Amino acid sequence: MYMLKYILKRIGLMLMTFSIIIVTCFVLIKLLPIPLGEGLGVDKQLIEMKLRERGYYDPIPVQLWNYVVRIVTEGDFGIGTTMPGYINQPIWDGFVSRLPPTILINVYSSLIGVPIGLGLGILAALKKNKWQDQVISTGVIVMISIPSIVFAFLIQYVLCFKLGWFPLRMESGTDYFSWEMFKSMLPAVFSLCFGSIAGYARYTRAELTEVLTGEFMLLARTKGLTRGQATIRHALRNAMVPIFPMILGEFVSVLSGSMIIENIFDIPGVGGLYLKSITVLDYDFFMLLSGFYTLVGLAAGIIIDISYGIIDPRIRMGAK
Amino acid sequence: MANNFKEKLKELLSNKKVVAITASALGVVIVGGVVLGAVLNGKNGAGVNSSNSSSSGQIEQVDTTGHKDPKVYTNNDYTSQMPNVWNEILTNDATNTSLAGYMNSSFFEFDYKLDENGEIVPGGFEIDYSAATKLEDVTARYEGKYGITAEDVAEGHHAFAITLRNDLTWDDGTPIKAEDFVFTMSQQLSPKYLFETASNYYSGNYIIHNSQEYVKQGQSGWFAADSPYAVYSEELDSKIVFALGNPTENEAYGGAESSVRAAVGFPASYTAEAVVDYFINSYGLEASVSEILAMQGKTFAEIKADATLKASWDKLIGWWQTEPNEELDFFVTEYTYPEMSFDEVGYFVGENEYELVMVTDSTLAPIDENGDLTYEAAYYLQSFPLVKKSLWLACEDQTKTPWVNTYCSASVENSASWGPYKLTNYQTDVTYTLSRNEKWYGYGMDEYKGQYQTDRIVCDKVSEWSTAWQMFQKGEIDGVGMDVTIAEEYRNSSRAYFTPETYTYCLNLQSRANKTEDGKTNKLLNYESFRKAISLMLDRDDYCAKNNPSSLAALGLLNNMYYYDVENGKTYRESVQAKEAILNAYGATKTEDGWKVGAVEYTDIDDALDAMTGYNITLARELMTQAYNEAKEAGDFTDDMKVVLTYGIEQQSENTDRVKNWFQAAFDAATVGTPLEDKIEIEYFYFSSATWSKQFRDGEYDLIFSGWGNAPFNPYYLLCATQIEGANRYAQGWDPKAVSVTVNVQGDDTHEGGEYTFNLAEWSDAIQGKGEAGKSLPNFSLYPIEDKLVILGEIEATVLNAYYSVPVFSKFAGSLMSYKCDYISYEYNTFVGYGGTRYMTYNYDDTEWAAFVAENGGTLNYLFGRD
């Protein structure tokens, strides 16, 4: 019961935080000058008339109220005004249509990266200071040190261009679960998962190494458990306490996308949309993305906190 | 200059060190070339310059265009920015209009000129009918209507009737008649939509009668008084309010500003008091601040009724006014644009269902005295917007304010075509495919025999140039821009070609420099001697070699792409007037026998021009010293100060550092041995990409590189609109009204010659056809071409001599064409580009191409040299 109360309380706080952030974003973006266009033949007065009809010159509280009412009553997040590719389009539709590719390449990346990363981390911890550990640690340092953009270009050049194993860019179409589509996503997936593999391997090794030296592990062995049994049943479970939320966090972050990787492989995803919406001053697009990512971030925080209790029953959220 | 240009181009093409061309620019050029071809779609059997073309009956499809060829030819293209709207009503954006170009047709079009052997005449062109069969000047038919006066009738060129072919259809076979164009224009100008593109028809090259009034009808609010009222009369006295304040001060007037602020270019930070102070101290207004400000908030009637205020007003207007109606410049007014029927707009169905009539408030000359088409027909009247009515209405969303329409936006279903291709596949931000529109009137016509071989155009979005380059080598796309990383290696490839751009890039200098703090000042920019020194200290050839290797040094504001006499193929830069403008601006002196450049005297103006580099370090140093003395005497500079100039960029990079360091070195060299030695520094200023020009105009930073281009057949418009008119002029602190220019014109039988003196703003209006016949400001756009050329030369020289926009370079775009296909010619023609899709030919069909790529190991080598 206390867990339910805790969750409800967190959700309440989340909504309050969300509202404060959104109102702040709305006010700040509306305080910026309204762009009226540049160039030969542009009639700024006409543009101003149009924006005035759209309510851009109303007092900010009025604009905020109208914005909220419009979303709540009509589900209308606005029309793209200056965002390239979305001008004259309902921005919600545009945003949602771009989520699947981003989610897929990030999920595939996690599905590949998590087991490999954990496996390498476990192996390195179990073989601490042996050649296997040295090789893995060196590899991890290399993967962490080199930005994913470099891996992306290398993968594209070697695997796609030179060897011809994969297409240079993601296939067109929306049949996301076809073999051709999956194959065309792999270069981006590989580019993304190098960082994940390195991160998981490093954390797992560090956590597991520490846990393996704990006195309770000695106790477990003296109880008659084999090394494997003690490692899996006791050491890994304890080591997972900080790592599992990290995995969960990564799954939540799949919604955010990677601007650089998506650009290189022409993934029609959401990476870079946020930055672009700010650059071109498309207010409605900016607000939609601000709200979406704020909500995702706050929800992720709650889910991660709750997940601690699942991994380690000794941790009880909200208990007195 | 021509020889010089050609030599430099030759040098550019052969110089091993020439490497840099930006990928984005080149991508645009490739797409642009293809699109240009698509725009040039179709012509009827009327032949060249035929105003009385053949009747337009239904045309049978015959096997002459290549589209009956059983083989399939696909042009694979790429773009870094996908179009999402493809109708000109909805967008002006080049990315979007590039796609629209394939799906629209032209009334009139440019075509190659061929010699007696059927060979293309370099630089030549012809104008043909395409979707239209006749163009007539029908000004007399509408005398007394649509604002057409007897004088207009005598002058002509105000109302034109375009007769459409009677076999025009949409891609589903729905007929197209003149009423469809009229419906479209009613939507284009609809006050329910308030499309930004509506201004194309009243603030561009011509004005459709009442177009602005129609689109703005019903709009209420406070405006600058000269916005709703073009002409001042005493009836307005009680309606207009004197207001010099900024939007905050003018909150009671809806934040509207009087137009004098925009005319002079005051930023929003300038209060009414600061404005008046500026008038008094900078422009010599002989009145006190309090006298002028006493009129604030008073109607003109109240000002006239008060003797003291009236006296102040007389001082102000006496100082300001040079043209009629300029009283309105100081006032704002509350106004509601009156309701208006579309019947009052100068765009309607003529005497039959295929006749479309357009009435303009300005003059156009798309046909000559023989009734033949001139270049203006293909340039200004190429086509008008057209939407398919049923689909448009289905896409209309009246629940939004203003209304929204998703016609031709982001889906095949919302799309309709009346051009040679139609959209058959579209995925947002991924790809689109255009296939033949079998209903297009042009297929099967003799004029297109062997043309339009392309069956499909597939365009993928490729964000990174490196990806596009790899795709090109693998045969997946048929053209690619030449990035700096491959330019040196591939410049001599047999598949490389270079496209000149109309843009001239200038270093713009701040015209309202007023910062002095912490021992730093930028006020020397206010001294002409300092600005001229900057112009003369620039070794442009060195700049190009070190910063933009695929560019040519530019000394004029218009480059070699601009024509002053299109019909006869005469480019502006080749004219004596243009050459003299440059010689005058860069320190050459005219002698009895010719021109003296430096210490050398030339009898031939071309020799003098070839010797003119714009770089004169000796004179630059003298001018630096002169500027120092002038500024010191005026109290703007002391010996313990430094001149700090801020150079605007969005983001620091290796490129911006290189440019900044180059300019710093140029300043250092130009101040050696002068009192300004080691006293000039350049610092970065970081602007927002959305507001950079406003920030510059507002005086937030001092130096910015920018380029203006396009409109190669209307140098008058480009030069005046960008350098003189307040809306686009960067030098907002420079007042063209204060610059007097005298020009001697010859005139002709109907236009009086003689010596005319006007200020630069008036010349700008007059040469663009905004003057009034028989009034104090003649309409010089109707004068003989040679007179217009003289005026253009004087305008350019005057702007150059102000030294606020200092030309530095013009660019070329390099590209590679795949082995699969070819343009008809690789000699760039300003009128038809490389011939585009219309003339594109294929060396391999799709099947053969796949086999060819496979035979070559899947990767093609484009390093082979030219034949």
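As they're listed, the protein sequences go chains A and B. Per the numbering used here, the very first residue in the first sequence carries number 64; after that it's consecutive. Per the numbering used here, the very first residue in the second sequence carries number 449; after that it's consecutive. Glycine included, every Cβ here is placed at the ideal spot set by N, Cα and C. Model, not experiment: these values are computed from the prediction.
Checklist line | Identity of the residue in Trp-670(B), Thr-1066(B), Glu-536(B), Ile-1097(B) nearest Gln-830(B) by Cα | finding: Glu-536(B)
Next item on the list: Using beta-carbon positions only, say whether Leu-1237(B) and Asp-1013(B) come within less than 9 angstroms of one another.
Entry: yes
Next item on the list: From the DSSP output, in three-state form, read off Lys-870(B) for me.
Entry: strand
Next item on the list: Could you check what DSSP says for Asn-698(B) in three-state terms: helix, strand or coil?
Entry: coil
Checklist line | Segment limits, beta strand (DSSP E) that includes Leu-1093(B) | finding: 1090–1097
Notebook entry, point to check: Does the stretch 793–813 of chain B come within contact of the stretch 700–717 of chain B, defined as at least 3 CB pairs closer than 8 angstroms?
Noted result: no
Checklist line | Residue(s) in a DSSP beta bridge with Val-442(B) | finding: The first residue shown for chain B is 449 and the last is 1315, placing residue 442(B) beyond what the model contains.
Notebook entry, point to check: Arg-117(A) CB to nearest chain B CB: under 9 angstroms?
Noted result: yes
Margin query: Any C-beta of chain B within less than 8 angstroms: which residues of the stretch 148–163 of chain A qualify?
Written below: Gly-148, Tyr-149, Ile-150, Asn-151, Gln-152, Gly-157, Ser-160, Arg-161
Checklist line | Contact set between Glu-644(B) and chain A, taken where Cβ atoms lie within less than 8 angstroms | finding: Gly-100, Val-105, Asp-106, Leu-109, Ile-110, Lys-113
Next item on the list: Between the Cα of Phe-748(B) and those of Gly-732(B), Ser-736(B), Thr-781(B), Glu-771(B), spot the shortest distance and give me the residue it belongs to.
Entry: Thr-781(B)
Item checked: Three-way DSSP call (helix, strand, coil) for Ala-580(B) in this model -> strand
Notebook entry, point to check: What's the C-alpha gap between Ser-321(A) and Val-333(A)?
Noted result: 8 angstroms
Check: Under the DSSP definition of a beta bridge, which residues are partnered with Pro-153(A)?
Finding: Ile-142(A)
Notebook entry, point to check: Of all Cβ atoms in chain B, is any one closer than 9 angstroms to the Cβ of Gly-138(A)?
Noted result: no
Check: By the criterion of Cβ-Cβ separation under 8 angstroms, what are the contact partners of Gln-875(B) in chain A?
Finding: Ser-235, Gly-236, Thr-237, Pro-331
Notebook entry, point to check: Does the count of Cβ pairs from the stretch 279–297 of chain A and the stretch 342–350 of chain A closer than 8 angstroms reach three?
Noted result: Below 8 angstroms, too few C-beta pairs join the stretch 279–297 of chain A and the stretch 342–350 of chain A to call them touching: fewer than three.
Notebook entry, point to check: Looking at Asp-541(B) and Ala-864(B), is the spacing between their C-beta atoms short of 9 angstroms?
Noted result: no
Check: Got a sec: does the ligand COA put a non-hydrogen atom nearer than 8 angstroms to the Cβ of Tyr-701(B)?
Finding: This structure simply doesn't include the ligand COA, nor any ligand for that matter.
Note to self: Determine whether the beta carbon atoms of Tyr-239(A) and Pro-163(A) lie at a separation below 9 angstroms.
What the structure shows: yes
Checklist line | With 16 other Cβ atoms within 10 Å as the buried cut-off, status of Val-487(B) | finding: Residue confidence for Val-487(B) is low, a pLDDT of 31 falling below 50, so the modelled location carries little weight; the figure read from the coordinates is stated next. Label assigned to Val-487(B): buried.
Next item on the list: Tell me, please, whether the CB atom of Ala-691(B) is closer than 9 angstroms to any CB atom in chain A?
Entry: no
Notebook entry, point to check: Counting along the chain, where does the beta strand (DSSP E) carrying Glu-1049(B) start and finish?
Noted result: 1048–1050
Notebook entry, point to check: From the beta carbon of Asp-1294(B), is the nearest beta carbon of chain A less than 9 angstroms away?
Noted result: Output row for Asp-1294(B): interface = no.
Check: Since Thr-872(B) and Ser-883(B) are thought to touch, with beta carbons under 8 angstroms apart, how far apart are those beta carbons, to the nearest angstrom?
Finding: 4 angstroms
Next item on the list: Report the residue from Gly-892(B), Asp-1084(B), Ala-1169(B) whose alpha carbon sits nearest the alpha carbon of Phe-978(B).
Entry: Checking every option, the nearest Cα to that of Phe-978(B) belongs to Asp-1084(B).
Next item on the list: Taking only beta-carbon positions, decide if Leu-351(A) is within less than 9 angstroms of chain B.
Entry: no
Next item on the list: Just confirm the distance between the C-beta atoms of Gln-434(B) and Val-1247(B), as a whole number of angstroms; I'd bet it's less than 8 angstroms.
Entry: This structure does not reach residue 434(B), given that chain B is present from 449 up to 1315, and the question cannot be answered.
Margin query: Going by the DSSP bridge assignment, what does Glu-965(B) pair with across the sheet?
Written below: Lys-968(B)
Margin query: What residue range does the beta strand (DSSP E) around Pro-1163(B) cover?
Written below: Pro-1163(B) -> not in any beta strand (DSSP E); alpha helix (DSSP H) instead, spanning 1163–1171.
Check: Going along the chain, which residues of its own chain have a beta-carbon closer than 6 angstroms to the beta-carbon of Tyr-783(B), five neighbours each way excluded?
Finding: Phe-671, Pro-676
Next item on the list: Starting from Glu-722(B), follow the alpha helix (DSSP H) in both directions and report where the run begins and ends.
Entry: It is worth fixing the name first, because residue 722(B) is Ala in this sequence and not Glu. Counting along the chain, the alpha helix (DSSP H) containing Ala-722(B) begins and ends at 720–731.
Margin query: Counting only Cβ pairs nearer than 7 angstroms, list the residues of chain A close to Val-852(B).
Written below: Ile-142, Asn-151
Next item on the list: Determine the DSSP secondary structure at Leu-1003(B), reduced to helix, strand or coil.
Entry: It is coil, neither helix nor strand.
Check: In or out: Ser-668(B) buried (at least 16 other Cβ within 10 Å) or exposed?
Finding: exposed
Next item on the list: Measure from the alpha carbon of Ser-1212(B) to the alpha carbon of each residue in Gly-1181(B), Pro-1232(B), Tyr-1251(B), Leu-1166(B), then state which is nearest.
Entry: Leu-1166(B)
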